[in-house]
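The letter at position 114 of the sequence shown is residue 114 when you use UniProt numbering, and the numbering goes up by one with no holes. Even glycine gets a Cβ: it sits at the ideal position worked out from N, Cα and C. So the structure is just underneath, and the comments pick up after that.
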Amino acid sequence: KKRYKAQPIVLAIPRGGVVVGYQVAKELGCPLDIIVPRKIGAPHDPEYAIGAVAQDGSMVLDQKVVKSLGISSSYLEEAKKREIEEIERRMKMYRKNLSEPQIVGKTAIIVDDGIATGSTIKAAILSVKKKNPALLVVAVPVGAPDSIAAIKTLIYDIVVLATSYSFAAGGQFSQNLVQTSDQEVIGLLQKASGPQ
């Protein structure tokens with residue numbers, strides 16, 4: 001906490017990132033909120049990430065993949081629109097009556113449960129930067145070294161507990177973990193917003 005001078009706020013990426021973010025916010029004694037970037041999948045294989053988008057339209061694309069697959073700009077715009085609609089739906093569901101926090105001049109700490117390709121966290125970074133935080137930090141328990149190195153260039157600081165070249169969507173690090181539910185996310189956000 002003493003490391004960053006501006007008041008911290010944790011912005012967790014649902015769903016798994018909220019579990020990690022709740023603990024970070026609790027340890028720092030600071031507010032917890034969410035940021036919901038969404039993966040953009042390839043046209044015929046939606047699980048194959050070609051990029052990601054945030055609620056404000058901040059988008060990151062793997063241009064090499066987009067070009068090699070011959071993905072049209074019309075597909076990208078439609079996918080972006082579809083994912084933003086889903087982001088807005090999730091934001092309403094998760095936040096309930098909680099208002100969006102002010103980030104200007106604060107230390108924004110984006111938290112996720114891991115970084116594989118880095119697309120979603122990069123979209124989150126671009127979105128949060130537009131809100132003028134004093135500092136922007138990323139915190140994750142595990143990440144792929146190449147993705148971590150690329151993200152370091154975009155932010156003030158990054159905190160990673162472990163790196164692994166074989167890291168793929170956190171799989172081998174969370175095999176024994178139960179998938180976080182939407183209800184758990186809502187519960188943690190409400191718990192964090194209650195009296196401290």
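**Message:** Taking the beta carbon of Val159 as the centre, do at least 16 other beta carbons fall within 10 Å, making it buried, or is it exposed?
**Reply:** For this step, residue 159 is matched to residue 159 along the sequence shown. Result: exposed.
**Message:** To the nearest angstrom, how far is the alpha carbon of Ser193 from that of Pro31?
**Reply:** The count along the sequence shown starts at 1 and reaches residue 193 at position 193. The count along the sequence shown starts at 1 and reaches residue 31 at position 31. Each residue's alpha carbon lies about 7 Å from the other.
**Asked** Got a sec? Which residues, its chain only, sit under 6 Å from Arg90 by beta carbon, not counting five neighbours each side?
**Response** Residue 90 sits at position 90 when you count from the first residue of the sequence shown. Hits under 6 Å: Val36.
**Message:** With DSSP as the reference, identify every bridge partner of Ile9, one or two as the case may be.
**Reply:** Stepping through the sequence shown from its first residue, residue 9 is reached at position 9. For Ile9, which the question treats as bridged, DSSP gives the partners Ala108.
**Message:** Quick check on the DSSP output: what are the complete alpha helix (DSSP H) runs of length 4 or more inside the UniProt domain "Phosphoribosyltransferase" (7 to 158), in order along the chain?
**Reply:** 16 to 28, 63 to 68, 73 to 95, 119 to 129, 145 to 152
**Request:** Assuming Gly57 and Ile84 form a contact by the criterion Cβ under 8 Å, report the distance between their Cβ atoms to the nearest whole angstrom.
**Result:** Walking along the sequence shown from the start, residue 57 turns up at place 57. Walking along the sequence shown from the start, residue 84 turns up at place 84. Yes, Gly57 and Ile84 are in contact; Cβ-Cβ is about 7 Å, under 8 Å.
**Prompt:** Which two residues bound the contiguous alpha helix (DSSP H) that contains Gly187?
**Reply:** What you label residue 187 is simply residue 187 of the sequence shown in a count that begins at 1. Residues 182 to 193.
**Prompt:** Going by C-alpha distance, which of Ala150, Ala6, Ala108, Ala25 is nearest Gln190?
**Reply:** In the sequence shown, residue 190 corresponds to position 190, counting from 1. Gln190 has its Cα closest to that of Ala25, out of Ala150, Ala6, Ala108, Ala25.
**Prompt:** Could you give the distance in angstroms between the alpha-carbon of Val104 and the alpha-carbon of Ile155?
**Reply:** What you label residue 104 is simply residue 104 of the sequence shown in a count that begins at 1. What you label residue 155 is simply residue 155 of the sequence shown in a count that begins at 1. Whole-angstrom Cα-Cα distance: 15 Å.
**Asked** Between Ile9 and Lys106, is the Cβ-Cβ spacing less than 8 Å?
**Response** Residue numbering aside, residue 9 sits at position 9 when the sequence shown is read from its first letter. Residue numbering aside, residue 106 sits at position 106 when the sequence shown is read from its first letter. Yes, they are a contact pair.
**C-beta contact flag for Met59 and Gly51 at 8 Å** = Translated into the one-based positions of the sequence shown, residue 59 becomes position 59. Translated into the one-based positions of the sequence shown, residue 51 becomes position 51. It is a contact, given that the beta carbons lie within the stated cut-off.
**Asked** Using the C-alpha atoms, what's the distance from Glu184 back to Ala139?
**Response** Position 139 of the sequence shown holds residue 139. Position 184 of the sequence shown holds residue 184. So the two alpha carbons sit approximately 20 Å from each other.
**Item:** Whole-angstrom C-beta distance between Arg38 and residue 198, which should lie under 8 Å
**Value:** As displayed, the chain neither begins before 1 nor continues past 196, which places residue 198 out of reach and without an answer.
**Item:** Burial state of Ala6, where buried means 16 or more other Cβ atoms lie within 10 Å
**Value:** Looking up residue 6 in the sequence shown gives position 6. Looking at its Cβ environment, which holds fewer than 16 other Cβ atoms inside 10 Å, Ala6 is exposed.
**Item:** Chain-order list of residues whose beta-carbon lies under 6 Å from that of Pro43 (same chain, five-residue window excluded)
**Value:** For this step, residue 43 is matched to residue 43 along the sequence shown. Same-chain partners within the cutoff: Tyr75.
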